[in-house]
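Numbering (my numbering), first residue to last: 365 to 630.
C-beta: ideal position from N, C-alpha, C; glycine also.
Keep in mind that this is a model prediction, so the values were computed, not measured.
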Amino acid sequence: MSTEDSQSGDNRFRRSPTGPAVAPPRGPAGQAPPPVQPPRRRRHFWSVAIFILLVSGVCIRAYRDLSQPEAWHYWKDQYVSPSLTFSLIDRVDLDGAAQGRRALFVSGTIGPAAATLFRDKLDQVNLAAGDIVLLASPGGDLNQATIMGEIIRQRSLATAVGGADASGRVKPAYCASACVLVYAGGKTRFGVLGSALGVHRFVTTRPVEDPVADTQRIAGAVLGYMTKMGVSSSIVEAMSETRDIRWLSPKQALAMNLVTEPLGKP
365 MSTEDSQSGD
375 NRFRRSPTGP
385 AVAPPRGPAG
395 QAPPPVQPPR
405 RRRHFWSVAI
415 FILLVSGVCI
425 RAYRDLSQPE
435 AWHYWKDQYV
445 SPSLTFSLID
455 RVDLDGAAQG
465 RRALFVSGTI
475 GPAAATLFRD
485 KLDQVNLAAG
495 DIVLLASPGG
505 DLNQATIMGE
515 IIRQRSLATA
525 VGGADASGRV
535 KPAYCASACV
545 LVYAGGKTRF
555 GVLGSALGVH
565 RFVTTRPVED
575 PVADTQRIAG
585 AVLGYMTKMG
595 VSSSIVEAMS
605 ETRDIRWLSP
615 KQALAMNLVT
625 EPLGKP
């Protein structure tokens with residue numbers, strides 16, 4: 365029988381590529397051959413679906429977080445347009461005091477990310493204990509200011525109010541509102557002749573159910589912080605007297621122990 369004959373009729377035989385014709389495998393009589401199964405994609409589908417759900421959850425949470433005004437302001441202050449500026453002074457001259465010390469000049473409004481920016485900058489410039497933080501600011505965020513003051517105290521840095529020229533000589537400036545809390549963090553607080561420290565009553569700008577209770581809470585927090593930093597409680601009394609800036613005289617700042625090292629006759 366020829367190969368062509370083996371392929372005729374019911375096509376019971378097929379040509380073998382390596383030898384004589386062989387018969388295909390047979391199942392039991394009367395049973396149809398099993399259907400061809402498509403490639404299994406179910407596991408791959410569920411992996412993709414779970415991944416999409418996880419990414420969607422993260423994106424939704426990020427959107428909700430950034431949709432809050434506080435989160436947006438923090439993100440903007442940290443990454444887009446920081447409210448504080450920093451410059452390192454290699455040798456600062458405070459009217460003959462602290463000669464040879466390095467200083468970080470911090471100026472601008474204390475924004476919602478000020479403490480993070482300040483800490484990162486201190487890590488970068490690596491100020492040593494006794495080095496100086498020079499301040500020139502109209503104030504800003506109260507909570508950020510207290511954190512900045514805590515950082516200054518933890519690192520045993522000194523503070524002064526003023527700017528500096530190219531030679532490192534300090535010139536008068538002003539530090540008001542929340543900036544005073546940053547200044548209070550100094551282990552030594554220099555009083556630069558001609559510089560000004562301004563205080564006022566702190567109030568919240570967000571809606572609250574009981575404004576009076578909230579104001580008392582803020583006053584208590586400020587009192588606790590100032591006492592911890594060694595400043596007299598009389599400074600909180602001075603703050604509570606007015607919502608406008610009250611500029612302290614050098615004698616008043618010294619009597620409150622806000623200034624610990626006056627430079628020049630107060």
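Spatial distance of residue 556 from residue 623 (CA atoms): 9 Å
Looking only at C-alpha atoms, which of 627, 544, 626 and 531 sits nearest to residue 610? 544
Have a look at the DSSP bridge pairing and note the partners of residue 465. DSSP, once it has assigned bridges, lists 456 as partnering residue 465.
Quick check: residue 452 and residue 470, are their CB atoms within less than 8 Å of each other? Not a contact, by the Cβ cut-off of 8 Å.
Within 8 Å, do at least three Cβ pairs link the stretch 586 to 593 to the stretch 477 to 488? no
Can you tell me which of 583, 554 and 605 puts its alpha carbon nearest to the alpha carbon of residue 621? Nearest Cα to residue 621 within the set 583, 554 and 605: 554.
Pull up the DSSP beta-bridge partners for residue 538, would you. Partner(s): 560.
Nearest-angstrom Cα separation, counted from residue 492 out to residue 535: 23 Å
Let me confirm a value: residue 584 is counted as buried when at least 16 other C-beta atoms fall within 10 Å, else exposed. Which label applies? exposed
Got a sec? Which residues, its chain only, sit under 7 Å from residue 472 by beta carbon, not counting five neighbours each side? 447, 448, 449 and 501
Just grab the DSSP bridge partners of residue 509 for me. Within the DSSP bridge table, the entry for residue 509 names no partner.
Looking only at C-alpha atoms, which of 616, 514 and 465 sits nearest to residue 563? Comparing C-alpha distances from residue 563 to each of 616, 514 and 465 shows the shortest one belongs to 616.
Inter-residue spacing [alpha-carbon to alpha-carbon] between residue 619 and residue 600: Cα-Cα distance, rounded: 13 Å.
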